[in-house]
């Protein structure tokens with residue numbers, strides 16, 4: 012029987028392993044599939060394989076560290092297996108990942124208290140953890156449960172002065188239950204003796220103040236009625252027979268010091284002054300809470316989730332952040348940003364808002380904000396990476412900026428803007444060899460001739476405008492023409508190379524014009540190049556015959572081109588005039604499709620050069636126009652014909 016059970020167990024192991032691999036494969040193929048992760052984690056929770064659970068949870072937290080519920084589940088798994096050190100380590104990692112998570116801190120503290128038990132230094136150890144928790148999350152607007160847990164714990168340990176110190180801090184922090192805390196403080200003062208709840212310095216100072224107040228009141232209201240004095244003395248005991256208490260220092264055990272040192276009136280007045288002093292803090296805090304209450308009420312999802320937030324929620328976060336930046340302290344603003352990042356972790360514009368704020372107010376911490384956003388929450392978002400690289404470059408961390416762009420290029424393949432940014436970063440730091448390498452790779456690895464031409468024109472412009480290398484620029488452009496001979500922008504760059512030289516290279520310019528006119532580009536483009544050639548000769552040539560020849564070539568091309576377009580337009584108009592004939596019963600007898608509308612008599616110059624490249628959509632490309640677009644004008648004689 013035992014052998015059969017072992018056999019069945021052995022047979023089931025491969026099946027479980029195979030099923031686990033299927034869940035793993037989903038998240039390996041798409042790490043941003045949150046649903047796939049939850050299925051994987053649920054599966055490992057049901058099993059008894061803690062190693063498989065550790066692997067799954069640790070991988071999950073690299074992508075979604077703000078899920079505090081899963082941190083608790085993971086820690087509970089280890090705790091249930093009596094792996095207390097491992098559970099404590101998980102809580103440590105979790106609170107480091109989400110320091111503002113009040114819930115996770117409370118779970119951690121309760122776990123830690125159970126582990127400490129009755130050890131000698133348990134109070135000190137637990138208090139250190141409480142202090143860490145309050146320092147990290149105690150100023151969160153919804154941190155009330157954490158404060159209550161701490162105050163109650165101090166009361167249980169009879170540390171009444173520490174309770175007062177906690178309230179002194181808490182009454183200055185805008186929290187959701189601010190009024191509740193003040194009421195609890197009043198009860199704390201009412202049921203305890205001032206000497207037990209105040210620090211020594213405050214107690215002595217306040218006692219002196221109370222004594223002076225009562226002495227002043229006594230002097231102002233003193234009544235020296237002799238009759239009253241006589242009546243009072245008549246009840247006194249004979250000399251030597253007084254029934255005073257024991258001499259000072261010999262009082263019975265348990266006797267209160269206040270019985271001799273302070274009257275009930277003094278104690279009550281002292282308690283009243285203690286509360287009045289804190290009430291001023293409470294009232295000031297109440298005003299601050301009121302300013303933020305509408306923003307806080309509008310927060311419906313303060314925790315992390317992959318589901319999309321409503322527009323109203325996002326607007327509320329933005330408005331709240333703007334208010335806090337303008338009116339709050341730097342500390343309160345950072346806390347609010349961190350709260351916002353938990354709820355809006357997948358929103359690039361929120362991270363950019365946070366990073367830009369930190370750049371201005373705490374530059375040394377801005378890099379950490381960028382790194383969290385780019386490496387954990389938004390690994391495939393380019394805009395925030397570009398902003399990060401720019402920030403590092405401005406701080407002279409050029410190597411770091413280059414690394415950031417390199418990592419983005421590995422994450423998002425074939426995105427044109429990444430390549431352009433990398434090239435220009437190297438240009439700005441004067442790394443000409445790297446610029447040559449990057450441009451050459453782009454030209455060689457381009458998937459289309461148009462993309463290759465695009466990089467060639469940019470490379471050439473860099474060569475002759477930045478480095479003054481006209482020879483290499485011309486070589487690059489002519490090589491590009493071999494693969495894309497009818498590209499007008501390459502030819503325009505060749506013209507500009509001639510223009511930019513000193514002195515201007517007229518032969519190179521005219522050669523570029525002639526190459527354009529003999530190419531296979533469309534007639535509209537050819538006509539524009541003919542016009543450009545004519546105007547160039549008119550402006551710079553000293554040979555009138557050459558100018559006349561260019562004019563006649565342009566006039567002939569103009570007449571031929573627009574005559575053919577006029578005929579095409581007339582044919583289209585005739586086609587439109589044909590009517591569709593129908594029989595009486597409505598059935599079609601003759602149907603003629605109208606031609607397309609006639610084009611304008613004057614061709615329009617394309618505003619930009621469009622590349623059929625999907626990654627190009629996010630890159631605002633402006634073609635390089637060395638002059639404004641020219642519109643062909645009607646040909647008229649400049650010189651008399653021969």
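Numbering (this note's numbering), first residue to last: 12 to 653.
Quick reminder that beta carbons are idealized off the backbone N, C-alpha and C, glycines included.
Every value quoted in this text rests on a predicted model; they were computed, and no experiment measured them.
Check                                                                                                                           : Outcome
Segment contact flag, the stretch 299-306 with the stretch 206-217, C-beta cutoff 8 Å, min 3 pairs                              : no
Expected contact under 8 Å - CB spacing of residue 391 and residue 403 to nearest Å                                             : About 20 Å separates the two Cβ atoms, so there is no contact after all.
Start and end residues, alpha helix (DSSP H) containing residue 330                                                             : 322-338
Segment contact, 8 Å Cβ cut-off, at least three pairs: the stretch 286-299 with the stretch 54-66                               : no
Assigned exposure category for residue 560 - 16 Cβ within 10 Å defines buried                                                   : exposed
9 Å Cβ cutoff met for residue 353 and residue 117                                                                               : no
Nearest-angstrom beta carbon gap, residue 450 and residue 470 [assumed within contact, 8 Å]                                     : 4 Å
Rounded C-alpha distance that separates residue 292 from residue 389                                                            : 42 Å
Same chain, Cβ closer than 7 Å to residue 397, five either side skipped, listed in chain order                                  : 432
Status (buried if at least 16 other CB within 10 Å, exposed otherwise) for residue 571                                          : exposed
Inter-stretch contact (C-beta, 8 Å, three-pair minimum) for the stretch 538-554 and the stretch 513-527                         : yes
Candidates 370, 312, 434, 395: closest to residue 406 by CA position                                                            : 370
Buried or exposed (CB count within 10 angstroms, at least 16 for buried), residue 536                                           : buried
Local Cβ density within 10 Å of residue 191, reported as buried at 16 or more and exposed below that                            : exposed
Boundaries (first-last residue) of the alpha helix (DSSP H) holding residue 468                                                 : 460-476
Sub-9 Å separation of residue 177 and residue 161 beta-carbons                                                                  : yes
Cut-off 7 Å between Cβ atoms - residues of its own chain near residue 54, not counting five sequence neighbours on either side  : 31, 34
Classification of residue 504 by the beta-carbon crowding that lies within 10 angstroms, buried from 16 upward                  : buried
Coil, strand or helix - residue 515 by DSSP                                                                                     : coil
CB-CB length for residue 357 against residue 317, believed under 8 Å                                                            : 7 Å
Cα-Cα separation between residue 9 and residue 384, rounded to whole angstroms                                                  : With the chain covering only 12 through 653, there is no way to say anything about residue 9.
Rounded separation between residue 280 and residue 175 - CA only                                                                : 18 Å
Sub-9 Å separation of residue 200 and residue 151 beta-carbons                                                                  : no
Touching by the beta-carbon criterion (3+ pairs, under 8 Å), the stretch 156-171 and the stretch 129-146                        : yes
Close-in-space but distant-in-sequence residues of the same chain around residue 551 (CB under 6 Å, 5 per side omitted)         : none
Meets three-Cβ-pair contact criterion under 8 Å: the stretch 493-502 and the stretch 451-470                                    : yes
Beta-carbon proximity check, residue 481 vs residue 506, cutoff 9 Å                                                             : no
Cut-off 7 Å between Cβ atoms - residues of its own chain near residue 134, not counting five sequence neighbours on either side : 168
Nearest-angstrom Cβ-Cβ length linking residue 361 and residue 393, presumed shorter than 8 Å                                    : Rounded, the Cβ-Cβ distance is 16 Å, inconsistent with contact.
7 Å CB neighbourhood of residue 115 in its chain, flanking five on each side removed                                            : 79, 82, 83, 105, 106, 109
For residue 77, the three-state DSSP class (helix, strand or coil)                                                              : coil
Burial state of residue 287 (16 or more Cβ within 10 Å)                                                                         : exposed
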